[in-house]
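Colleague: Below is the structure I would like to discuss, written out as structure tokens.
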Amino acid sequence: MKIAVINSGSSSIKFQLFSMPEGEILAHALVEKIGETGSKSIFEYGDKKREITTAVKTHHDGLKLINTLLREHHIVEHFSELDAIAHRVVHGGESFKSAVLIDDAVIEKIKELILLAPLHNGANLEGILISRKKAPNVPQIAVFDTAFHSTMPKEAYLYALPYEVYEKHKIRRYGFHGTSHSYVMKEAAKEMKKSPKELNMITLHLGNGSSACAIQNGISVDTSMGFTPLEGLMMGTRCGDIDPAITLYLQREAGFGVDDVDALLNKRSGLLGVCGSIDLREIEKRDDELSKTAIEMMVRRVKKYIGSYMALLGSVDALVFTAGIGENSHTLRAKILQNLEVLGVELDEEANRQNALLISKKSSKIKVFVIKTDEELEIARQSEEVLRKTQIIYQAEKYI
Ligand code: ADP
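Those letters in the sequence shown? Residues 707 to 1106, by this note's numbering.
What follows is the structure, given as structure tokens:
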């Protein structure tokens, strides 16, 4: 079964074609700087790689280019030959608790949710609308970044604001990176030869964007990102948790406009704001005080989330590190896990240095894993599941 996964961003399209259920990648494409003068595209299949520098004016042109490349390399003649096209959608609001088959009603809902994620959902929707036009007979599936966290209880997702603010404006915590947390949780469960339902875990997605998730018996019960992906851990350019009164002060007393505050918190804070670089590899090599402080700040915040999630969960079977920093920085992982023996975490320093899959000692009560995230594969798997279920429903309807 051939399933294409499309991640349509504001100026880019990431495309991955899978053969399922094996999860084999048949082709991978990345079209960047759509609408700008210097569009650049990369197309990979097997062990071959092509770079294309032709101008890509619109998302429509981007998908057309990908289709042409697939045809030229005899991978697929046309999108209409695919078994399914799966789309990453960032915000599913309260409407979507799992992946769904896209119909007109789903499209209307995703449109409504643009308000909650203006930068993302609009671009995601564009990818869906173009693919539907190009391949009207192929099932299209939406997989939401928020869906995995839809199991959070009310006490986790409500802010201590007047209840009517939630009712009227839907201001609550939604959580993001759900596809990644869900993927690494399942992979860790496989390693432990148990069902996710039997396990409690804390998953740490540490990249440019970072979030932690408390997972109880296989479902998310708390996560660090909130109404937007700004809350929680310290990130590459995002500040994470701050006193919300700072934003008021900046506007009242420091001459900031709303957009200035937005840019400050989202684009100029985090690692970049404290020490001037977004790249942890570079920061780890530096010797100046602010770079060291930035690392200590990041570590401290992650530790605080681990501690609070342990208190919430009561017992924890595994800690999982993933994403660019989580998968690669053994020094940051070692700092985060330092002095956690009292909580049942014993680090195997050699395994950690080697970025091994299991980095805790045999005697460690809590297992610690480093697992490479694969959001595209998780999206393909969830889509396969949707197809399977709809097929079952379709077959059942035939017998009514
Ligand atoms: P995104 O959220 O954009 O997908 P990534 O998951 O790719 O981000 O993570 C990017 C971060 O991972 C950067 O801070 C980068 O410096 C860091 N990173 C990648 N490789 C290493 C490494 N070998 N050592 C330390 N940090 C690394």
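Note that beta-carbon positions come from the ideal geometry of N, C-alpha and C, so glycine has one too.
Note that this is a predicted model, so its numbers are computed, not measured.
(1) When we look at the beta-carbon of Gln1044 and count the other beta-carbons within 10 Å, is it buried (16 or more) or exposed?
(2) If you measure from each CB to the nearest heavy atom of the ligand COA and keep those under 5 Å, what residues do you get, in chain order?
(3) From the DSSP secondary-structure annotation, give me the bridge partner or partners of His911.
(4) Evaluate the contact criterion for the segment 866-881 versus the segment 903-916: three or more CB pairs, one atom per stretch, below 8 Å.
(5) Can you tell me whether Lys874 is buried or exposed, with buried defined as 16 or more other CB within 10 angstroms of its CB?
(6) In the DSSP assignment, find the beta strand (DSSP E) that holds Tyr751 and state where it starts and stops.
(7) Decide if Val935 is buried, meaning its Cβ has at least 16 other Cβ atoms within 10 Å, or exposed.
(8) Helix, strand or coil for Arg794 per DSSP?
(9) Could you give the distance in angstroms between the alpha-carbon of Gly932 and the alpha-carbon of Ala790?
(10) Are the CB atoms of Ala1079 and Val890 nearer to each other than 8 Å?
(11) Should Thr774 be labelled buried (16 or more other beta-carbon atoms within 10 Å of its own) or exposed?
(12) With C-beta atoms as the reference, is His855 less than 8 Å away from Asn827?
(13) Which residue comes first and which comes last in the alpha helix (DSSP H) that contains Leu831?
(14) Kindly give me the distance between the Cβ atoms of Leu978 and Gly942, rounded to whole angstroms, as I take these residues to be in contact under 8 Å.
(15) Check whether the segment 996-1013 touches the segment 939-953, taking contact to mean three or more Cβ pairs, one atom from each stretch, closer than 8 Å.
(16) Got a sec? Which residues, its chain only, sit under 7 Å from Ser975 by beta carbon, not counting five neighbours each side?
(17) In the DSSP assignment, what residue or residues form a beta bridge with His734?
(18) Where does Val927 land, buried or exposed, given buried means 16+ other C-beta within 10 angstroms?
(19) Whole angstroms is fine: what's the gap from Arg879's alpha carbon to Lys896's?
(20) Taking the alpha-carbon positions, what's the Glu1090 to Lys746 distance?
Modeller: Working from what's here:
(1) exposed
(2) Here the bound small molecules are the ligand ADP; the ligand COA is not part of this structure.
(3) Ser917, Thr1028
(4) no
(5) exposed
(6) 746-751
(7) Before going on, a small fix: residue 935 reads as Pro here, not Val. It is buried - the Cβ of Pro935 has at least 16 other Cβ atoms within 10 Å.
(8) strand
(9) 31 Å
(10) According to the sequence provided, residue 1079 is Thr. The question's Ala does not apply to it. A contact, by the Cβ cut-off of 8 Å.
(11) exposed
(12) no
(13) 824-840
(14) 6 Å
(15) yes
(16) Thr943, Arg944, Cys945
(17) Gln722, Glu750
(18) buried
(19) 29 Å
(20) 31 Å
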